[in-house]
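Just so we're aligned: 127 in full-length UniProt numbering is position 127 of the sequence shown, and the numbers increase by one with no gaps anywhere.
Ideal Cβ placement from N, Cα and C applies to all residues, glycine included.
Quantities reported herein were computed from a predicted structural model and do not represent experimental measurements.
This report concerns only the one structure given below.
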Amino acid sequence: MSTGKSGRETPWQGVHSLNLAYFLDQYDLYSEDPESVDPSIRELFDQWGAPPETTGADGALEPTDTAPVSGLDLKKVVAAEKFAQHIRISGHLDAKLDPLKMEETDETPHLDPAKFGLTEADLRSLPAHLMWAEDSEDVRTGLDVYKRLRQVYTQSLAFEFTHVHSPQERQWLFHAVESKEFSRKLSNEKKQEVLGRLIQVDAFEKFLHRTFVGQKRFSIEGVDMMVPMLDQIIHYSVHGGVEDVMIGMAHRGRLNVLAHVLGKPYEAIFSEFHHAPNKELVPSEGSMGINYGWTGDVKYHLGGNREVDPEDPKPTHLTLANNPSHLEFVNPVIEGYARAAQDDRSQAGYPVQDVSKALAILIHGDAAFPGEGIVAETLNLSRLRGYNTGGTIHIIANNQLGFTTHSLDSRSTTYASDLAKGFEIPVVHVNADDPEACLAAVRLAFEYRRKFGKDFLIDLIGYRRFGHNEMDDPVATQPRMYDKVHRHPTLRTLYADRLKAEGVISDEEIQSKEKEIQEQLSKAYQKVKDVREKEPEETDSPHEKIPGPLPDVDTGVSMTTLREINQDLLKWPDGFKVYPKLEKVLQRRAATLEEDNQVDWALAETLAFATILKDGTGIRFTGQDTERGTFAHRHLVLHDPETGETHCPLHTIPQAQAAFGIYNSPLSEASVLGFEYGYNVFNPDALVIWEAQFGDFANTAQVIFDQFLSAGRAKWAQTSSLVMLLPHAYEGQGPEHSSARLERFLQMAAENNWVVANVTSAAQYFHLLRRQAAIIGTNEARPLILMTPKSLLRNKRTLSPSSVFEKGRFHPVLEERLTGKRSQTVKRLILASGKVAVDLETKLEEMEKKPEWVHILRVEQLYPFPKDEIRSVLSRMKNLQEVVWLQEEPKNMGSWSYMEPRIRDTVSEVKIRYIGRPERSSTAVGQPDVHDAEQERILTEALNPETLDIETKSGGN
Numbered sequence: 001m002s003t004g005k006s007g008r009e010t011p012w013q014g015v016h017s018l019n020l021a022y023f024l025d026q027y028d029l030y031s032e033d034p035e036s037v038d039p040s041i042r043e044l045f046d047q048w049g050a051p052p053e054t055t056g057a058d059g060a061l062e063p064t065d066t067a068p069v070s071g072l073d074l075k076k077v078v079a080a081e082k083f084a085q086h087i088r089i090s091g092h093l094d095a096k097l098d099p100l101k102m103e104e105t106d107e108t109p110h111l112d113p114a115k116f117g118l119t120e121a122d123l124r125s126l127p128a129h130l131m132w133a134e135d136s137e138d139v140r141t142g143l144d145v146y147k148r149l150r151q152v153y154t155q156s157l158a159f160e161f162t163h164v165h166s167p168q169e170r171q172w173l174f175h176a177v178e179s180k181e182f183s184r185k186l187s188n189e190k191k192q193e194v195l196g197r198l199i200q201v202d203a204f205e206k207f208l209h210r211t212f213v214g215q216k217r218f219s220i221e222g223v224d225m226m227v228p229m230l231d232q233i234i235h236y237s238v239h240g241g242v243e244d245v246m247i248g249m250a251h252r253g254r255l256n257v258l259a260h261v262l263g264k265p266y267e268a269i270f271s272e273f274h275h276a277p278n279k280e281l282v283p284s285e286g287s288m289g290i291n292y293g294w295t296g297d298v299k300y301h302l303g304g305n306r307e308v309d310p311e312d313p314k315p316t317h318l319t320l321a322n323n324p325s326h327l328e329f330v331n332p333v334i335e336g337y338a339r340a341a342q343d344d345r346s347q348a349g350y351p352v353q354d355v356s357k358a359l360a361i362l363i364h365g366d367a368a369f370p371g372e373g374i375v376a377e378t379l380n381l382s383r384l385r386g387y388n389t390g391g392t393i394h395i396i397a398n399n400q401l402g403f404t405t406h407s408l409d410s411r412s413t414t415y416a417s418d419l420a421k422g423f424e425i426p427v428v429h430v431n432a433d434d435p436e437a438c439l440a441a442v443r444l445a446f447e448y449r450r451k452f453g454k455d456f457l458i459d460l461i462g463y464r465r466f467g468h469n470e471m472d473d474p475v476a477t478q479p480r481m482y483d484k485v486h487r488h489p490t491l492r493t494l495y496a497d498r499l500k501a502e503g504v505i506s507d508e509e510i511q512s513k514e515k516e517i518q519e520q521l522s523k524a525y526q527k528v529k530d531v532r533e534k535e536p537e538e539t540d541s542p543h544e545k546i547p548g549p550l551p552d553v554d555t556g557v558s559m560t561t562l563r564e565i566n567q568d569l570l571k572w573p574d575g576f577k578v579y580p581k582l583e584k585v586l587q588r589r590a591a592t593l594e595e596d597n598q599v600d601w602a603l604a605e606t607l608a609f610a611t612i613l614k615d616g617t618g619i620r621f622t623g624q625d626t627e628r629g630t631f632a633h634r635h636l637v638l639h640d641p642e643t644g645e646t647h648c649p650l651h652t653i654p655q656a657q658a659a660f661g662i663y664n665s666p667l668s669e670a671s672v673l674g675f676e677y678g679y680n681v682f683n684p685d686a687l688v689i690w691e692a693q694f695g696d697f698a699n700t701a702q703v704i705f706d707q708f709l710s711a712g713r714a715k716w717a718q719t720s721s722l723v724m725l726l727p728h729a730y731e732g733q734g735p736e737h738s739s740a741r742l743e744r745f746l747q748m749a750a751e752n753n754w755v756v757a758n759v760t761s762a763a764q765y766f767h768l769l770r771r772q773a774a775i776i777g778t779n780e781a782r783p784l785i786l787m788t789p790k791s792l793l794r795n796k797r798t799l800s801p802s803s804v805f806e807k808g809r810f811h812p813v814l815e816e817r818l819t820g821k822r823s824q825t826v827k828r829l830i831l832a833s834g835k836v837a838v839d840l841e842t843k844l845e846e847m848e849k850k851p852e853w854v855h856i857l858r859v860e861q862l863y864p865f866p867k868d869e870i871r872s873v874l875s876r877m878k879n880l881q882e883v884v885w886l887q888e889e890p891k892n893m894g895s896w897s898y899m900e901p902r903i904r905d906t907v908s909e910v911k912i913r914y915i916g917r918p919e920r921s922s923t924a925v926g927q928p929d930v931h932d933a934e935q936e937r938i939l940t941e942a943l944n945p946e947t948l949d950i951e952t953k954s955g956g957n
């Protein structure tokens, strides 16, 4: 039993453990500053000291009679304080949040004072300050506090803050919602402005519904307040000095947001409903240009841009990101946009981040928020060093329905927003039919983000007036809900009636606003009709947006520069110690560039980065364990074993003219790759690199590859030069550490959309990175999918002479020169890519006599296919009988399906054959000995002259 300073029983005996935690938090504040806590609580601590750290075994101590304090019954004081806290914590359970009132009643069963042993008389007898810290003339007693707290916590707004661990943040949040500042009323002018916006939103949707009957538009109706809420966030941003506001959302309400927030002309939207965007109306999109690969996208996936007050010297720029139907996968892309806008990459070292420069807004679906794992992955980025953006404002556009599925079947939580609580994100639930409550939620969100630099979530609870799309009838699966929806007035009607009752606006003024918007819509539609009826005119095809062939770039660097950089990389700060074993490895690099010594993979990469920084191009490099490298080869961030301090040599070399941001990422692929894609798209002048821990792990980021990286340019004219390093090779490590699924990237390769490579030497890697840096920011820019080595990282056959870094360049194919008689003796040309090509040459050199009938050509760049280079090699072989494609991967994987038709198109009158593993459902075997036997069989077959003789005699193909 808990006792106080004098040994007497204390008031804490009646406090449940959950509430005891509150008093412990309060005591921490009291210990630092007694004046920072409520006087009633300060009085308890003054007399009784600290609350106990723990309660009884059952979670609560038995209540006992206690002596009165300062003339009051202390038991009642504690009960009243507990009751006030209970309203703050659980008031949301009795709040009026559902516009349709599907399950709501007027009762508040969770907030019965009798459950705390309190009567109305008890509450009336208690001074207000014992339960409430706010200063208000009309709140004098505990009963007044009870009524006020019910008004604050159980009406159209409801709050969940107790999962936020920081006492300072919790105290700020509770004070904010209970203060006069938060509850201040809107001016009449502001109310009229909001109504005017709602009339626009409503009229636009009705016009589309009436004019384009049955066409999909994913209307906003039911959460109409989303547009005024975005208006308000943008207003705060403009006045707060935010330079970029990034918005990500799925398709519901997107057309309305494009029209009224992004300022996309009505004419442009209407023309898209006619399935024939016209250049006169949509100058930025042109014709579809199908013959040139310009595919475009459906209207409710498109993004937009706008400058707010463009006459201002520093206008706020709005961006709505393009987003496919993968709903929440735009989330990390938006975060990448925001971070790119916040980072200053102009100086050496890490980029300097200013979170006040950009704000991210994410609008989620109520089914998608708990349902799609990318949401949790993205929320986890919010406070990480390499990914935080100073707080995102999240809005759940809560239709209370996912497609046709009720929330009871789509989530295991009370609210759609509950996932956010695991990341300590404050949550506000708001009834979407109460405009003023919605704007109050926005004000709180923006202020919290500004003060604490953290995420905030608004659960905008509304409904969906039509089906999942306008062609869908929801009544079959949701008859009760849609009976209420069909009888429920629109928000524009509800708010107009409210303002008329308040005397804020008249019928005549409302009718004038409606007439004005109807005239605008009709005029815009008539313009579309007039243009469509004209004689079709020639329009410029956007084919020029599709990149052409890769340019021939001189990527060599003078040996003087390389030697200077190499020496500077080995200079560390005074007093900084490097792990002794690693220091020996690094110091061996000192003489690498002297006398044409051999350069390994790790040093080639570091020199590539250093020379790119010297050219003034910033680099961002992320991935799991990227600072060290999965295979402990990179070590771009050094750790002092005694102090734990870190040092990145690329930050301090004098040659660096731009920032080098290198960050270890969380154990996530989809969110991190999406983030890097967004960072790169918004900042196309930086070299942005993502490395998978193993290439296989890129599987979980497949949506980003499919929907954004491979097709973003064709769908949205969105340029990316993102580099993806995917460790790939068959080395007996089992199915999940072998294949980066090369075949998938080759299957998606078309229209010069990216480069797919599998290089086998340090110099090739150096020149390929430098070529990629050289084309960023140009029309030739495109992503680079690079299969990177594992065991080859330390294989002597990947070493390159230092002279090649000065005079060489990237070669799509590599071969040893054919000279003299040998060009006449080659009968089999083996094409291979990556590690298996190195294995084959190793085995070839181990043979007693090198056969003159076989020749090996390493295909370093798979896409774009190096047809001319391969044909040039073939032209020198006068007696060639067959071309073999050799690979480690199973026949139905790897490059074979991609390479076969292209090889056939390149060679003629020569047999084409595959050597490799047979077709398999799993990428690789799980036993190392089986792997070794298979690998030996593949290499032996490739170098077996008997197979050549037999097949030649048979004449088969």
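Tell me whether Tyr482 sits in a helix, a strand or coil according to DSSP, three-state version. Annotated three-state conformation of Tyr482 is helix, per DSSP.
Give the DSSP-derived three-state secondary structure of Gly296 in the structure shown. In the three-state reduction of the DSSP assignment, Gly296 falls in the coil class.
Close beta carbons around Thr490, own chain, < 6 Å, minus the five adjacent residues each side: Only Asp202 meet the Cβ criterion.
Helix, strand or coil: how does DSSP classify Asp343 here? Of the three classes helix, strand and coil, the one that applies to Asp343 here is strand, per DSSP.
Taking only three categories from DSSP, how would you classify Thr947? It is helical.
Suppose you measure from the CA of Ala360 to the CA of Val245; what does that come to, to the nearest Å? Ala360 and Val245 have their C-alpha atoms spaced approximately 6 Å apart.
Can you tell me which of the three DSSP states residue 958 falls into? The structure shown does not extend to residue 958, since the chain spans only 1 to 957, so no value can be given for it.
Within the same chain, show all residues whose beta-carbon is closer than 7 Å to that of Leu673, passing over the 5 residues directly before and after it, in chain order. Setting aside the 5 residues that flank it on each side, Leu673 is surrounded in the same chain by Trp690, Ala701 and Ile704, each with a C-beta closer than 7 Å to its C-beta; the list follows chain order.
Taking the continuous alpha helix (DSSP H) assigned at Leu769, which residues delimit it? DSSP places Leu769 inside the alpha helix (DSSP H), whose first and last residues are Ala762 to Ile775.
Can you list, in chain order, the residues of its chain with a C-beta nearer than 8 Å to that of Leu948? Leave out the 5 residues immediately preceding and following it. Cβ neighbours of Leu948 beyond the five flanking positions: Lys827, Arg828, Trp853, Gln881 and Glu882.
Below 8 Å, can you find three or more Cβ-Cβ pairs linking the region 247-258 to the region 214-223? With a cut-off of 8 Å, the region 214-223 and the region 247-258 count as touching, because enough Cβ pairs lie within range.
Near Pro283, which residues of its chain fall below 6 Å by C-beta distance, leaving aside the five closest residues on each side in sequence? Note that Pro283 has pLDDT 39, beneath the 50 cutoff, so the model's placement of it is unreliable and the number below is only indicative. Close CB contacts of Pro283 within its chain, under the 6 Å cut and outside five residues either way in sequence, are absent.
Range covered by the alpha helix (DSSP H) that runs through Pro928: Note, Pro928: alpha helix (DSSP H), Pro928 to Ala942.
Would you call the region 472-490 and the region 162-174 touching, i.e. three or more CB-CB distances under 8 Å? They do not touch, by the three-pair rule.
Counting only runs that start and end within the region 564-590, where is the alpha helix (DSSP H) found for 4 or more residues in a row? Runs of alpha helix (DSSP H) with 4 or more residues, each lying fully within the region 564-590, are found at 580-587, listed in chain order.
With a 10 Å radius around its C-beta and 16 neighbouring C-beta atoms as the bar for buried, classify residue 964 as buried or exposed. Here the chain has residues from 1 to 957 only, and residue 964 is not among them.
Which residues bound the alpha helix (DSSP H) around Thr626? Annotation for Thr626: no alpha helix (DSSP H) segment contains it, and DSSP assigns it neither H nor E.
With three or more beta-carbon pairs closer than 8 Å as the criterion, would you say the region 705-712 touches the region 768-778? Inter-segment contact for the region 705-712 and the region 768-778 is absent: fewer than three beta-carbon pairs are separated by less than 8 Å.
First and last residue of the uninterrupted beta strand (DSSP E) at Phe885: The sequence shown places Trp at residue 885, rather than the Phe named in the question. In the DSSP annotation of this structure, the continuous segment of the beta strand (DSSP E) that includes Trp885 starts and ends at Glu882 to Pro890.
Between which two residues does the beta strand (DSSP E) containing residue 959 stretch? Here the chain has residues from 1 to 957 only, and residue 959 is not among them.
Can you tell me which of the three DSSP states Pro801 falls into? Pro801 carries a strand assignment under DSSP once its states are collapsed to helix, strand and coil.
Give the C-beta separation of Gly390 and Val428 to the nearest angstrom, bearing in mind that I take them to be a contact with Cβ-Cβ under 8 Å. Your pair Gly390 and Val428 does not check out as a contact, with CB atoms roughly 19 Å apart and the cut at 8 Å.
Which runs of the beta strand (DSSP E) at least 3 residues long sit entirely within the region 801-874? Give them in chain order. Qualifying beta strand (DSSP E) stretches, in chain order: 813-815, 828-832, 854-859 and 861-863.
Can you tell me which residues form a DSSP beta bridge with Lys911? BP columns for Lys911 point to Glu882.
Best match in Glu941, Pro34, Ala749 and Leu742 for proximity to Leu709 [C-alpha to C-alpha]: The candidate whose alpha carbon is nearest that of Leu709 is Ala749.
Considering only C-alpha positions, which residue in the set Val177, Gly712, Lys849 and Thr778 is nearest to Asn322? The residue with the shortest Cα to Cα distance from Asn322 is Gly712.
Pick from Pro641, Leu97 and Leu320 that is closest to Tyr153, judged by C-alpha positions: Answer by Cα proximity: Leu97.
Can you list, in chain order, the residues of its chain with a C-beta nearer than 7 Å to that of Asp640? Leave out the 5 residues immediately preceding and following it. Correct list, in chain order: Phe576 and Lys577.
Touching or not, the region 398-408 and the region 462-476, by the rule of three or more beta carbon pairs under 8 Å? Flag = yes, the region 398-408 and the region 462-476 touch.
Going by DSSP, name the residue or residues bridged to His639. Beta-bridge partners assigned by DSSP to His639: Thr646.
Should Pro549 and Pro864 be called a contact, given that it needs their Cβ atoms to be closer than 9 Å? Yes, Cβ-Cβ distance for Pro549 and Pro864 is below 9 Å.
Contact check, Glu311 vs Ile546 under 8 Å by CB: the rounded distance? Not quite, the Cβ-Cβ distance comes to about 36 Å (not below 8 Å), so this is no contact.
I'd like the span of the beta strand (DSSP E) that includes Asp706, first residue to last. According to the DSSP assignment, Asp706 belongs to no beta strand (DSSP E), since it is labelled neither H nor E.
Got a sec, what are the start and stop residues for the alpha helix (DSSP H) Tyr677 sits in? Counting along the chain, the alpha helix (DSSP H) containing Tyr677 begins and ends at Ala670 to Phe682.
Looking at the strands, I want to know which residues DSSP matches up with His317. For His317, which the question treats as bridged, DSSP gives the partners Asp244 and Glu307.
Put Thr611 into one of helix, strand or coil per three-state DSSP. DSSP places Thr611 in helix when its eight states are reduced to three.
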